DNA sequence: CATAATTTTCAGTAATTTCTGAAATTCACG
DNA sequence: CGTGAATTTCAGAAATTACTGAAAATTATG
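Chains as they are written, first to last, in this note's numbering: chain A, 4 to 196; chain B, 4 to 196.
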């Protein structure tokens, strides 16, 4: 491996972490390398830097493209394919969230919904189904929230995140305004979201 | 395997999914079984239901305890250990988030902070370090938000999630109130959270 | 403290996943 | 359309991870 110590440590770490994120060591390292690079790299450069076989790098890049985590581009007067990651970190976060949802959450949710339709055959089944129903609701709440916030532009999203729990205080103010009116009144204050 | 079809499908699915969540098939299935069960189960019952070896079940339960995802309890006049998952789904979500943060995010964050301190030895290094710095900031923003919302009680958390992007509209109202005052004014409106 | 029920450990094996090198394929360009 | 540079495929090897059974350790109880 031919890398400056700083980059080496980063790349190694993401190799290990890759495993926890549904990709293998090779893929984690390739991604980390491209992420740090100040220019697109071609497959042979990656082979050189990381010491994997050419075919392994080829497969890794394929998978990273399937995840939409790297993009392919051509340089003028060069037949080779060059790869890079987005400059914008938020774009990366959004892609990761999108892909993980598609791979982990969506299939689970459709199974849960399907199971919730089945007719239970015993008390045990009835309990299991109740549990499955609760789980479905909770996941729907979480993914619904996600579907909402992902529509926000980055600037608003950052502000919202920076607010953190403070948003809660603002909501309390909102509620208090409803309880002790001074301005316009809602028709039915009990009907909470 | 000795399970009603409904439970069987659920258990199988979480066996596969377990792999994506940092545990293996056995552990995913054991957890799913306990999750659906209407009463605590002992190791031999799990062996019976899932068809794994006794030792494998023992190791799986150990790991689930390390994750704090199952709790051990004793029944009166019975020497065996019984296991169950929390009734409250939110408790489960919180535990999962806590554990994944501790296993994936925290080690990454401390490495990134360390690397940000190193002295770069080249232009390439300088670019890499800038990227690492950006990443650190972004992760800090996300974990800061998480640290805030996890302190909310379940009721408030659910309401906040249900609001979704609508919270954005409320914030806009808040901003407008600051810009066109009518009530009490903050001392220093620029000093945002 | 002896016993028997229960749980854990661990060395070896089975299963799975990752990785490689050789061969096949693709593709731009003359 | 032939050439050669670049990429991909894939069968098998290597490495890793999961699982088992036998033996050891633990623990409640008489």
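Glycine is no exception: its CB is placed at the ideal position from the N, C-alpha and C atoms. Quantities reported herein were computed from a predicted structural model and do not represent experimental measurements.
- By the neighbour-count criterion, in which a residue is buried when 16 or more other Cβ atoms sit within 10 angstroms of its Cβ, residue 176/A is exposed.
- Look at residue 124/B: its C-beta is under 8 Å from a C-beta on chain A.
- Between the alpha carbons of residue 68/B and residue 45/B lies a distance of about 14 Å.
- Comparing C-alpha distances from residue 100/B to each of 79/B, 88/B, 72/B shows the shortest one belongs to 72/B.
- Closest option to residue 86/B, judged by alpha-carbon separation, among 39/B, 159/B, 138/B, 127/B: 39/B.
- Annotated three-state conformation of residue 55/B is coil, per DSSP.
- For the stretch 53–115 of chain A, the full-length beta strand (DSSP E) segments reaching 3 residues or more read 74–77, 84–87 along the chain.
- Going by C-alpha positions, residue 15/A is about 20 Å away from residue 43/A.
- The Cβ of residue 69/A sits no closer than 8 Å to any Cβ of chain B.
- For residue 152/B, the closest Cβ of chain A is nearer than 8 Å.
- Nearest to residue 60/A by C-alpha distance, out of 28/A, 41/A, 78/A, is 28/A.
- Neighbours of residue 21/A in chain B, taken as residues at a C-beta separation under 9 Å, are lacking, since the least C-beta distance is about 11 Å.
- By the criterion of a C-beta distance shorter than 6 Å, residue 88/A is surrounded in its chain by 37, 38, 73, once the five residues flanking it on both sides are discounted.
- The DSSP-derived three-state label of residue 44/A is strand.
- Interface residue (Cβ-Cβ distance to chain B less than 8 Å): residue 101/A is not classified as such.
- Neighbourhood of residue 107/B in chain A, by CB distance below 9 Å: 20, 23, 24, in chain order.
- For a cut-off of 8 Å, the C-beta gap from residue 41/B to residue 137/A is around 13 Å, too long to register as a contact.
- Per DSSP, residue 121/A lies in no alpha helix (DSSP H) and is assigned neither H nor E.
- The Cβ atoms of residue 108/B and residue 135/B do not sit closer than 8 Å to each other.
- The C-beta of residue 47/A comes no closer than 8 Å to any C-beta of chain B.
- Residues are counted here when their Cβ sits less than 9 Å from a Cβ of chain A; for the stretch 71–93 of chain B these are 92, 93, given in chain order.
- Residues of the stretch 28–59 of chain B that bring their beta carbon within less than 7 Å of a beta carbon in chain A comprise 38, 39, 41, in sequence order.
- Considering only 50/A, 163/A, 132/A, 180/A, the residue with the shortest C-alpha distance to residue 145/B is 163/A.
- Its Cα nearest to that of residue 25/B, the residue 106/B stands out among 78/B, 84/B, 106/B.
- Put simply, the CB of residue 171/B is near chain A, with a gap under 8 Å to one of its CB atoms.
- For a cut-off of 8 Å, the C-beta gap from residue 9/A to residue 121/B is around 5 Å, short enough to register as a contact.
- Pairing residue 157/A with residue 93/A, the inter-Cα distance amounts to about 7 Å.
- In terms of Cβ geometry, residue 12/A and residue 114/B form a close pair [threshold 8 Å].
- The continuous alpha helix (DSSP H) containing residue 14/B extends over residues 8–23.
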